[in-house]
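Residue numbers (our numbering), protein chains in the order written: chain A, 295 to 620; chain B, 789 to 1132; chain C, 12 to 336; chain D, 86 to 391; chain E, 22 to 596. Note that CB positions come from ideal geometry on N, CA and C, so glycine has one too.
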Amino acid sequence: MVSYIIRRLLYAIPTILGVLLITFILFNLIPGDPSYDIAGKSASAETIAEIRRELGFDKPRFLDTEALSQGRIAAAFDSQFFNHFRNTLTLNFPRSLTSHEPIWDEIKSRAPASLTLAAPMFIGLIATSIAIALVVAFARGSWVDTILVFICVVGMSIPMLSYILFGQHYLAYELGWFPILGYESGMQAFKYIALPCLLGIASGLGSYVRFYRTVMLDEMRSDYVRTAFAKGLSSPRVLFKHVLKNAMIPIITTLVLSIPFLFLGSLLLERFFSIPGMGSYFLDAFNSRDFPVINAMVFTTSLLYVLGQLVTDICYALVDPRISLR
Amino acid sequence: MNDLLQIRGLCTEFRTEDGLVRAVDGVSWQVNPGRTLGIVGESGCGKSVSALSVMGLIPKPSGEIVGGQVWFKGQDLLKLTERQIREIRGNEIAMIFQEPMTSLNPVFTVGNQIVEAIKLHQKLRTRDAWDLAVESLQRVGVPSAAERVYAYPHQLSGGMRQRVMIAMALSCHPAVLIADEPTTALDVTIQAQILELLRRLQAGERMALVLITHDLAVIAQIAHTVAVMYASRIVEYTSVEALFDQPLHPYTQGLFRSLPRLGQKKRRLDAIGGTVPNPLAFPSGCKFHPRCPLGCDDKRCQSVEPNLRLIRPGHVLACFKAAGYEDSPPCDIPTQAPTEVSNG
Amino acid sequence: MAKADGHILRVQGLKTYFPIRRGVFSRIRGWVRAVDGVDLDIPRGQTVGLVGESGCGKTTLGRTLLRLIPATAGTAWFEDELIFSANRRRMRQLRRQMQIIFQDPVGSLNPRMTVQTIVGEPLKVHGLAHGRALRQRVVNLLEQVGLSPGYLNRYPHEFSGGQRQRIGIARALALEPKFIICDEPVSALDVSIQSQILNLLADLQDALGLSYLFIAHNLAVVEHFCGEVAVMYLGQIVERAGSEDLYRNPVHPYTKTLLSAVPIPDPRTKTACQAPVGDVSDTSGPFTGCPFHPRCSLAQDQCRQECPQLREIGPGHFVACWRTE
Amino acid sequence: MTEAALTSDIAVGKGRSLWADAWRRLLSRKLVVASLIVIAVFVMVALGVYAGLIARDWSEPVGPRYQRPSLEHGFGTDFLGRSVWRKTLYGAKISLTVAFLASLISICIGLPLGAIAGYFKGWIDELIVWLFTTVNSIPYIILILAFAFVLQGKTLFGYPLRGISVVYLVIGLTSWVGLCRLIRGEVLKHRDRDYVMAARAYGCSRSRIILGHVIPNVAHLVIINFSLRFVSFIHAEVILSFLGLGVKGEPSWGVMIDDARQELYRGCWWQLAAATLAIGLLCLALNIVGDALRDALDPKLRQGLE
Amino acid sequence: GGDDQDQASGKMVRYLSLGAKVRGMDPMDIGDTTSSSVASQIFESLYQYHYLKRPYELIPCLAEDFPTGEDQLTYTFKLRPGVVFADDPCFTATQGKGRQLVAADFIYAWKRIADVKNISKNWWIFEDHIVGLDEFRDYTGRLKAGENVDYMRPVEGLQAPDDFTLVVTLKRPWPQILYLLAHLPTAPVAREAVQYYGKSIHNHPVGTGPYMLKDWKRGNKIVMVRNPRFRQEFYPVEGSPGDREAGLLEDAGKVLPFVDEARWQVVEEDQPRWLIFMRGQLDASGIPKDFYNRAIDPSRQLRSEMKDKGIRLQIFRDPSTYWYGFNMEDPVVGTNKPLRQAMSMAINRPEYVEIFTNNRAEVAQGVIPPLFKEYDPEVINPNCQYNPERARELLKEAVEVHGGPLPTITISTPGTDTLSRQMGEYVTLAMDNIGLKVKIDYMDWPSFQDRIKTKSSQVFQMGWVADYPDPENFMQLFYSKNVSPGPNNFNYRNQAFDTLYEKAKAMPDSNERRRIYHQMENIIRDDCPAIFLVHGVAFVLHYNWLKNYKPHVFGYGLIKYQRIDVAARQKSVGR
Ligand SMILES: Nc1ncnc2c1ncn2[C@@H]1O[C@H](COP(=O)(O)OP(=O)(O)OP(=O)(O)O)[C@@H](O)[C@H]1O
Ligand SMILES: Nc1ncnc2c1ncn2[C@@H]1O[C@H](COP(=O)(O)OP(=O)(O)OP(=O)(O)O)[C@@H](O)[C@H]1O
Ligand SMILES: [Mg+2]
Ligand SMILES: [Mg+2]
């Protein structure tokens, strides 16, 4: 198990380096110079130059060949490329170009809000969809199954925006069941998170249930299910004990894949419900071309993803005894 | 009905996208304590489905038992509620399956899976159930059973897994054990071990055994009575000696002829021509007639399906061409018990 | 012996190992010795049977001979030609003369190709026929294996198991090989079909003068079909003899066990199985001595320490067992 | 010696491929047929728009602004008095183009990479796996935005990238990962199948094996995958429109929903309804067909009949 | 939680919303209205606008009075005594007690703007005006990385003879100077704060104003509380006609501020903002375009449901003008006046106003908005009248001028949002109507800027909101010396115009100057370097519990004048 975890951790290294490479390529290709935006109404040449210097855009791209030829090794690596790797890897992000806040502080202060929204949403989504999928799988072939599957497909066809607009207007404003927007940290958060969470779950439910249903049905065709029935077990017991644990294996693999997709949902939800999370931070940064922030966000979210993958792998090994042997 | 397990006129159908498949068509047989019924026939002839029908494990909603009765200790299993049948399933009638590789749940230890069966049918404390599990593993000859209970299925070899399956099936001391091709996936040496084991256990517990296989040699070794199935139906049903001495149905005869036997070296074997019919489009009349060496040209064989007749004591057959068939009374199951053969 | 010596195939000291990777860096931690020093001769126009239990390396041996799996060590001549050192070009030539028939009639046919394509592909790949000629060849091949030419445009899933195996045989015959490896060609078939295929293979051999390496685990089938039989255990050949000789007079304890385990299709003679204890052991661990010693009732100290070599104990009868000294 | 006589009477189906077989199965289900018709109608509409036969005059006002749906105005009118019905029809073009081209791009990248990785194994495999894990570990939406950002306003082979071309490029360039992963897994499975062995045994070259044997056997997955993936592409277009990175100058469903988001409070619900309905209908149909296709082509489900 | 406590303590809280993010609260760096509107509660400048008087009028704020000076080149400002910075830990010498404001604080703040290293957005304010300041900027630009700027380095035009006197010397007359000294960026900054907080000064505003920052969660909310050491300031005692009737003078002469706490909630989307306003969680709100019909009836009156809720409507003009500008250096549009005129006539401005603003705008006849006294209501610009027939004729002329069929005209639009897209669709339709093909090129602001500054656009969509009530602010946009990358994005060059501009620029406000402005505007109208569209009109809704609410288009730090009738609010929304 330990060597398994170590190996997984080692696998993460090339991935992270890859992310760094991709961000470097992306953000060095971006057209238009952010300097104009930062400089404001009437940008003068010297202001632009100063901004470029601050962003490190004045440095050579890959290698300072001049410094290298003069034998100054350290200076030779003082290039955009190496600085990008060095600074990002050490989480030594610069300040935001627009707010001038240290990015890392900002991420730290916003991550809790994002997590308070995303975590219950994620868990709720998984739990509800597995529950429904079990019901559907149990009732396979009956009208309950047909109707639920139909609802799921309809549900997944409706764009998320429509859910949000509807939920905010009717559930929060007209019916007054939830606050319209806002966010407070601490226990208060749950009051504000409830509706966005609910909407996130509702909009994701369709595709999840549908997928899990397929997984469950696949599992139910397995031979061991027949064995379990032959022992005299009841359907619910077979379903909840034997099928569920096996179905968790494919479910877990897709869980980690769906984490990045959650981000998308959070993005819109955070915006409409004024939740000061990473999503709105990213969107702001994106709109104002705040590269250091975008870069930091890409990196940290990827890092989170890689961590998530690690956790998944471990869960995987816990659920599936065949894995840990490898 | 004083037989332990008797099925009569069992019909099971599957609805598929290409049409209705009648996988079992009016099958009857019986088995008594300490006796072994062998069911032979080639792939797809309905052996497994008939066994699953008895267990009430036909996959729903595509499959359905459309007729017949399954009498067990004087009650018709098909009329029982799901709850009642669960009481019997795994407890009084147990089943082991063809695929030892996939028939165990890969994510639970074998002990866990055996204990589950034990606790379901016996009021035992968990501790005792585990002890019983170890014991039942020992009984089927799993070495160092006390450690193997904590093993996962993938950590065991195929023969080992099949033994676990048997241990699980036997853990509640069932009255009837249905073994669906328990050795097909195994090696000859392992197969010999498993067969030996089954024979021993059966003798010890006076259990009724239904053994499904397509290997006549296995049948010869272990069965008392044999039902030969072809295309969803039983075509011949008799004691094992009678069958091996003088098979009457042309299909059975063909089987015997095409069987390579040790020590009989022939350049060519006698083969049954043609192929196994597609269950979606069975031939009319006798389903074997397109392949039958005796009388493809016979009008009656082509249009009327022969029913089972008691052609001689303890020997039931469905073939127009057999001598004396016309005069014999219709009969599903030999009423007269086949002659006892001493059992090693 | 430097050449095939008139045999169609001669194998010497063939080893095929598969690495076992474990640990953090997936380092090679050991080897599965699937084929571990096999010597084998296949006479021209004859059938040699290869039996042994599951996982003993029969398939691996067959595939290694066709270089579908790289050999770890050893040499093999195909008609005076070294198989393992042939270059790509030469290997293509060789492959026209050596073919294989697989156990699984479903898996060995590409489900998305018509019979015509499947059988015609080898010809096309080697540029032997085109257009009408190709079609005619395919029709001939199908007829040869007893399939109607009307099936040309059908797909494998539309056939029964026996018919599929015939298609596989037709494909193997397409290049007019001299030697065919039959890797359990009837194991997956119904009893009543099995003999059809065996008869077909026998007929083809008679007609075309083919040589077969016939892999199986059903001893009765092998006895019936082969002139010579080799018994394999854990990657090694433990006994080899003419088939009558072997069946009547098995010498190696494993062969004896194997033969005694074969159920006899007669209710009156119950097999007295000298039940071998335990399962086939793991080939990956380091072991010394005779591979069979953990299950052998006759095992002695020598068996546990030294691996016996094949020795000729009678005319054409080879055994690797210390207890036969 | 031949046994042709024996095989003549065997109950085999008429000569048809797995595809033809699957097709027949699809057609045997009413719901699937209805869905296929729906999809066909959408495709025809999109082609009609391309040919200039349908909704060519979408940009012309047909009446007063913000008219409710009525007999005269069909689905009502938008803020410029243009027909929502025509815009909806026109939207089919954008959505289908985006989904189709994005699929195409993603297939062009994902299929060869996946096939190569799966077939050759070794370091090539590791490189490709590394590539897609890396790309995959960047949250999809961030990647999309970043790509949209980079591509916007650039030219590709002299063709300026803006609006719709960015949308499908972005979606295509970011969504190949899933396909690649899937194909690799399948190819890994197939490469050790006996029929590939057989092909190698008779001297097939590697490229011929990959192109002629392996790829045709995984191709159906691509189709199933994309019948289901289409849906997410259409949704992605909506999101991109919302973020201002979508199609401009032409009506798409995403654009309509983006408009509608604000118009709702005028009581103008019909634009949202029309676009949601169109998306819903298409997605529903695609889903049903995708599911049915998966069932029809699933060897597991066929097994009972073999 | 918090709300209930406020209620119990009777605290007077003002609830506001923020549509865009506040980038920072360092006056030097503030260039956007959102940040200004927040930071202005904390920082004060030398002058401020009178809260009630219209037309807009300056009054002293930190200055004691208007400046004295013999010529138009030297200004001497006397500071109001007794003004102190709010308490803050940065004042280490006084254990956190804010010190007195002195003239040097202004000089320091202005030098910070000039310092290249600070990358201030506001250098345009001082650029080329104050003697020696440009040289100071050059000096900072020459410094190497790592070298510190010496803020003690004297600047000739900025002198502080004593703590309460500030003398500014100009290079040339600059009549608008006082308006700019009412601007937030010119507010004084405590050097201690800058040194103490370093780069984080953006988050730690230390000013002299009525409020202090209490809590700031980016992306969520901002909370400010009353500054206990705020200098004595009183509510104005006189106002414009009608103010007394409107109840705006009820608090005349009372001590400012009234509100104890101001809370901003970040709300980016229209729907939620409107919903929380309707719930009474905001005291005032604009009307999002699509909610207009819900609030306002066709006669521009507040709907009765709204009135019943205690909502009031205020309508006022914006100092803004919106247009499609032509790049006069573009070979197609720049040389083709009939084309420009045709395009200008193609747009039905009243319709445009209706569609995009729900009549909350006025059709433009030129560049100067009606809010200015220099606006001439008499003039009807034929180019700004919707006249498709004439436009088509002109287009024919344009084809002749061009010497062949006209190519597709590209219109660059800054913004990729919904509104930009819809406007694009509208313009395409309008041009289509007269037979001209246009293509809208949507781009983000930086790319747009890039395109404008490099003179590579053809037609571009733009607007301008005046910073101060002097039309010079608009006229500079057409001055030939200001061509791109300067503010003259049209790259418009006209000798006659330039002469007039230079003349007017140095003139103080007078009838003569007004006449010159009229002449200049006529030149522009005739040359048509832009399609002038509309001038903004703002509609603001507020609840009646918000007292002393009078919209102001130039000033920002207005919360201090406002009062909440806590009891009324409580009665109405239960809190
Ligand atoms: N779930 C099912 N759906 C549809 N048809 C089925 C199903 N299960 C079995 N069948 C059909 O029923 C027939 C009998 O199948 P069964 O499994 O009983 O054969 P078998 O004799 O056990 O064969 P084998 O020796 O291969 O196990 C077959 O034709 C098969 O196609
Ligand atoms: N690609 C491979 N990688 C690792 N080990 C392998 C590989 N192929 C086969 N083996 C191992 O090599 C041994 C011999 O396998 P092989 O398939 O040759 O046996 P076999 O005699 O053909 O068995 P069967 O009768 O089941 O077909 C087995 O232990 C198997 O696990
Ligand atoms: Mg079966
Ligand atoms: Mg094998």
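Query: Ligand 3 site residues, beta-carbon cut 7 Å against heavy atoms; Result: B/K835, B/S836, B/Q886, B/D968, B/E969 and B/I1000
Query: Stretch-stretch touch, CB-based, cutoff 8 Å, three pairs: the segment 510 to 529 of chain E with the segment 345 to 363 of chain A; Result: no
Query: Collapsed DSSP secondary structure at C/H18 in the structure displayed; Result: strand
Query: Contact list for the segment 277 to 292 of chain D against chain C, Cβ threshold 9 Å; Result: R278, D279, Y280, V281, M282, A283, A284, R285, A286, Y287, G288, C289 and S290
Query: Chain-order list of residues whose beta-carbon lies under 7 Å from that of B/P888 (same chain, five-residue window excluded); Result: G946, R949, Q950, M953 and A973
Query: From D/I249, D/R269 and D/F318, residue whose alpha carbon lies closest to that of D/A202; Result: D/R269
Query: C-alpha distance - E/M33 paired with E/V561, whole-angstrom precision; Result: 22 Å
Query: Heavy atom of ligand 2 within 7 Å of C/T71 beta-carbon; Result: yes
Query: B/V1006 to B/A980 span [Cα, whole Å]; Result: 9 Å
Query: Contacts of C/V273 in chain B (Cβ-Cβ under 7 Å); Result: V976 and L1050
Query: Residue range of the beta strand (DSSP E) that includes B/L825; Result: T824 to V828
Query: Nearest-angstrom Cα separation, counted from B/G826 out to B/I1010; Result: 8 Å
Query: E/P257 burial status per 10 Å Cβ neighbour count (16 or more: buried); Result: buried
Query: Buried or exposed by the 16-neighbour rule on C-beta atoms within 10 Å, applied to C/G173; Result: buried
Query: Chain-ordered chain C contacts of D/P301 [CB-CB under 7 Å]; Result: R123
Query: Residues that D/H320 contacts on chain A, provided the C-beta gap is smaller than 8 Å; Result: P453 and M454
Query: Helix, strand or coil at E/C405 according to DSSP, with G and I counted as helix; Result: helix
Query: Boundaries of the alpha helix (DSSP H) in which E/V448 is found, first to last residue; Result: T439 to N454
Query: D/R141 classed as buried or exposed, judged by whether at least 16 other C-beta atoms fall within 10 angstroms; Result: exposed
Query: Nearest residue (CA-CA) to E/D311, options D/T361, D/V281 and D/L349; Result: D/L349
Query: Proximity test, Cβ basis, 8 Å: D/K274 and chain E; Result: no
Query: Heavy atom of ligand 4 within 7 Å of C/Q114 beta-carbon; Result: yes
Query: Burial state of B/E830 (16 or more Cβ within 10 Å); Result: buried
Query: Burial state of A/T392, where buried means 16 or more other Cβ atoms lie within 10 Å; Result: buried
Query: C-beta neighbour in chain D for E/K458, strict 8 Å; Result: no
Query: Opposing strand residues paired with B/I795 [DSSP bridges]; Result: B/W817 and B/V858
Query: Exposure label - E/P262; buried when at least 16 CB within 10 Å; Result: exposed
Query: beta-carbon C/A45 near ligand 5 non-hydrogen atom, thresh 7 Å; Result: The ligand content of the structure shown is limited to ligand 1, ligand 2, ligand 3 and ligand 4, which means ligand 5 is not among them.
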